[in-house]
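Colleague:
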Ligand code: GLU
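Numbering (the working numbering), first residue to last: 51 to 329.
(1) Helix, strand or coil for residue 316 per DSSP?
(2) Pull the bridge partners of residue 195 from the DSSP assignment, please.
(3) Under the three-state reduction of DSSP, which class applies to residue 152: helix, strand or coil?
(4) Considering residue 146, what are the terminal residues of the alpha helix (DSSP H) in which it resides?
(5) Any chance the CB of residue 261 is under 7 Å from a heavy atom of the ligand GLU?
(6) Whole angstroms are fine: how far does the CA of residue 250 sit from the CA of residue 90?
(7) Taking Cβ positions only, does residue 256 come closer than 8 Å to chain D?
(8) Please name the residue in 128, 221, 112 whose C-alpha comes closest to that of residue 310.
(9) Can the beta-carbon of residue 300 be found less than 8 Å from the beta-carbon of residue 63?
(10) Measuring alpha carbon to alpha carbon, tell me which residue in 94, 162, 199 is nearest residue 147.
(11) Is the closest heavy atom of the ligand GLU to the C-beta of residue 226 under 7 Å?
(12) Indicate, with yes or no, if the ligand GLU has a heavy atom lying under 7 Å from the CB of residue 60.
(13) Once the 5 residues before and after residue 40 are set aside, which same chain residues still bring their CB inside 7 Å of it?
(14) Counting beta carbon pairs with one atom in the segment 270-284 and one in the segment 241-250, are three or more of them shorter than 8 Å?
(15) Near residue 101, what residues of its chain come up, given a Cβ to Cβ distance below 7 Å and the 5 sequence neighbours on each side ignored?
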């Protein structure tokens, strides 16, 4: 298999050593015969800054990485994601959720013992059972809403049981139900990480998704979305996360560890690569 991989950072800050490791890992998996793509995941327009996109190009270029052009910038493709959401809505798999965080919290406290998944407590399903007329009325009144996946229906519709393959962890039985009725379009962003990443990986022909193991569980849900949307199923390789001398993983708030600050301090790309283990 000729690997087609991608590195998909969100421009919410400068890249750090953990990003460098992830990008180098992805490029290495593509190898000289494969294809390595860069994708900018900037759907959250409140947190992403165009200046950080330029910084991503600069920092990755400095590391010696090369990627295919044009780079897909997710914020330029909201209409694509809308079409995917429409498909799922037409299939009866999404419903509008008008709840505020506070509404959800109080309902969870009221029912007690809510199941928990990778994103916290499952949505208690308040808006799942709204009547068509109530939905239409609230939407017509301009109430803001998110779109949630009706997980029960989705599982019934999927041609399960589903599985996916991780090159490090082996074959996985997909358990998307761990997410409950997950949000696929947010109130403030007309899509979501899960929807955009699954769609784009399909659209760009990515056949080997590489990313950090902090996103391992997301793949259970992505596998279900692939099934519902008749998308090809890539292989995965969730890599370990690089940690600093304190044993903690690098994070964007950790300013001293950005690639640009290392460069400004006079470190060479080769020295930085050595720190990631990819020298
Ligand atoms: N954009 C995501 C992030 O920066 C990564 C998405 C992915 O690789 O699937 O954490």
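The beta carbon of each residue, even a glycine, is placed where N, CA and C say it ideally should be.
This one's a predicted model, so the numbers in the text were calculated from it and none came from an experiment.
Modeller: This is what the structure gives:
(1) coil
(2) In DSSP, residue 195 forms no bridge with anything.
(3) helix
(4) Run containing residue 146: none in the alpha helix (DSSP H); it sits in the beta strand (DSSP E), 144-147.
(5) yes
(6) 11 Å
(7) No chain D is present in this structure, which holds just one protein chain.
(8) 112
(9) no
(10) 199
(11) no
(12) yes
(13) Past the edges of the chain, shown from 51 to 329, lies residue 40, and the structure says nothing about it.
(14) yes
(15) none
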